[in-house]
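Enquirer: I'd like to ask you about the structure that follows.
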Amino acid sequence: MLTYIIKNKHSTLFIIDEPDIYLHSDLQRQLLGILKNLGPDIIIAIHSTELISETEINDILIINKHNQSARRIKNPLELQKIFDVLGSNLNPILTQIAKTRGVLFVEGKDFLLFSRFARKLKLEHVANRSDFAVIPVEGFNPFRLKVFKEGIERTIGTSILSAVIFDRDYRSDEEIDEEEIELKKDNYFVHIHSNKELENFLIIPIHLRQTINKRIEELNLKTGKEVAFDEDMNQILENITEDFKIKIQSQLQAKRIPYEKKLNKHLDDSTIFAKLLKDFEEKWKEVNHRFKIIPGKEFLSCLNEYLQKNYSITISQTNIINNISPSEFPKEMKELLIKIDNFRKASVINNQ
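Quick look at the structure:
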């Protein structure tokens, strides 16, 4: 199907019938992400609650054979009725929510990484998420999150305690402040990373070197070779970051200009971009700042390509975390895990 879509991406209309029948829920979400970035108008006939949960409310139409035309959702709380009719694959999560009445909203699969960090700090209740449910969300949308939470509360018939952890992406400090104010109205705590995304917390040169050396030792034991890693780790990382410079500049420009013009519509695009570029160039000189604003997932993938090509090894996120002692954890990560643990305890009290 994806091959057909890509080959025909210049078409004016795609009609896709029930992709949820043969796609795992994770792949359904990936498909939606791909389709959103294509040019044509797209109509998808689905019964998938996963796809419905990832879709903007205004994009959903209900088709009933007893009606002559489709009907848009006017009230966000109607989502609960849709889940009732379709039968939801979210039921295991809803069961956990009903049991704990605590929900932690995170980006994508980020909690897998939180869980690994939590185990290193001996926060087993956090790692096992036994006192709260984790709901992955894609993207940074306070309104949709509020609607989704209200739909869950209507579904289980009771209020829930919720918390939110989001990536920073390419938002300015001012945008982050605005979003936090809005999100804090409905959540126990709100955390937006100081880094571009969660994986950036793993970009620590000394620990990356330790991880690489350990993987090479394992390779040498298996192969009988005597491979050694004696390169300048900082230089390797700095070289890789350079490949992201233009992409980051363009993303910052794309995000910043609409926001600044929302505050002052008389501002000229060139004025906004000139200031942004000046600030960016100053900060880019500091390599540790680069590690905060580059796309962490992509960066680690590029590092693995380099390691595979030159040393026949790759390193995983788990490998890296295993080489970081609890005392060396980034301060922000420690504080965040403590917030999650306090949220867990509050959820237990709330459920008594």
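Heads up, the sequence shown is in our numbering, so the first residue is 2 and it goes up one at a time. For every residue, glycine included, the Cβ atom is placed at its ideal position computed from N, Cα and C.
1) Could you check if residue 68 is buried or exposed, using at least 16 other CB atoms within 10 Å of its CB as the buried criterion?
2) Which residues bound the beta strand (DSSP E) around residue 71?
3) Whole-angstrom Cβ separation of residue 189 and residue 209, contact assumed at under 8 Å?
4) Are the region 278-294 and the region 241-256 in contact at 8 Å, needing three or more beta carbon pairs?
5) Check each candidate in 159, 139, 230 and 119 and name the one with the smallest Cα separation from residue 99.
6) From which residue to which residue does the alpha helix (DSSP H) around residue 297 run?
7) Per DSSP, what are the beta-bridge partners of residue 42 in this structure?
8) Mapping DSSP to helix, strand and coil, what is residue 158?
9) Just to confirm, is the Cβ distance from residue 195 to residue 257 under 9 Å?
10) Residue 341 bridges to which residues according to DSSP?
11) Alpha carbons only, please: which of 113, 311, 138 and 112 is nearest the one belonging to residue 237?
12) Would residue 222 be called buried (16 or more neighbouring beta carbons within 10 Å of its own) or exposed?
13) Within 10 angstroms of its Cβ, does residue 143 collect 16 or more other Cβ (buried), or is it exposed?
14) Decide if the region 230-246 is in contact with the region 318-332; the criterion is three or more beta carbon pairs, one per stretch, under 8 Å apart.
15) Quick check on residue 163: does DSSP put it in helix, strand or coil?
16) Among the candidates 205, 105, 265 and 29, whose CA atom is the shortest distance from the CA of residue 18?
17) Can you have a look at residue 306 and say buried or exposed, based on whether 16 or more other CB atoms are within 10 angstroms of its CB?
18) Could you check where the alpha helix (DSSP H) with residue 119 kicks off and where it finishes?
19) Would you call the region 133-140 and the region 104-116 touching, i.e. three or more CB-CB distances under 8 Å?
20) Is the beta carbon of residue 324 less than 9 Å from the beta carbon of residue 211?
21) Give the list of continuous beta strand (DSSP E) stretches no shorter than 3 residues that lie fully inside the region 182-224.
22) Apart from the five residues just before and just after residue 192, which ones in its own chain have a Cβ nearer than 6 Å to its Cβ?
23) In three-state terms, what does DSSP make of residue 139?
24) Alpha carbon to alpha carbon, how far is residue 300 from residue 244? Give it in angstroms, no decimals.
25) DSSP three-state call for residue 316: helix, strand or coil?
26) What residue from 321, 344, 343 and 347 has the CA that sits closest to residue 118's CA?
27) For a quick check, are the C-beta atoms of residue 313 and residue 220 less than 9 Å apart?
28) Whole angstroms are fine: how far does the CA of residue 199 sit from the CA of residue 155?
29) Name the one or two DSSP bridge partners that residue 134 has.
30) Around the Cβ of residue 201, are there at least 16 other Cβ atoms within 10 angstroms (buried) or fewer (exposed)?
31) Identify which residue in 171, 150, 342 and 175 has its Cα closest to the Cα of residue 186.
Expert: With the structure as the only source:
1) exposed
2) Taken as a continuous stretch (DSSP letters only), residue 71 belongs to no beta strand (DSSP E), as it is neither H nor E.
3) Under the criterion of beta carbons closer than 8 Å, residue 189 and residue 209 do not qualify as touching, at roughly 34 Å.
4) yes
5) The shortest Cα separation from residue 99 among 159, 139, 230 and 119 belongs to 159.
6) 297-312
7) 14
8) In the three-state reduction of the DSSP assignment, residue 158 falls in the coil class.
9) no
10) According to DSSP, which records beta bridges pairwise, residue 341 is partnered with nothing at all.
11) 311 is the residue among 113, 311, 138 and 112 whose C-alpha sits nearest the C-alpha of residue 237.
12) exposed
13) buried
14) no
15) strand
16) 29
17) exposed
18) 111-121
19) Taking one beta carbon from each stretch, the region 133-140 and the region 104-116 have 3 or more pairs nearer than 8 Å; the two touch.
20) Against a cut-off of 9 Å, the Cβ pair of residue 211 and residue 324 comes out as a contact.
21) 191-193
22) So the qualifying residues of the chain are 166 and 337.
23) coil
24) 9 Å
25) Coil at residue 316, not helix or strand.
26) 321
27) yes
28) 31 Å
29) 104
30) buried
31) 150
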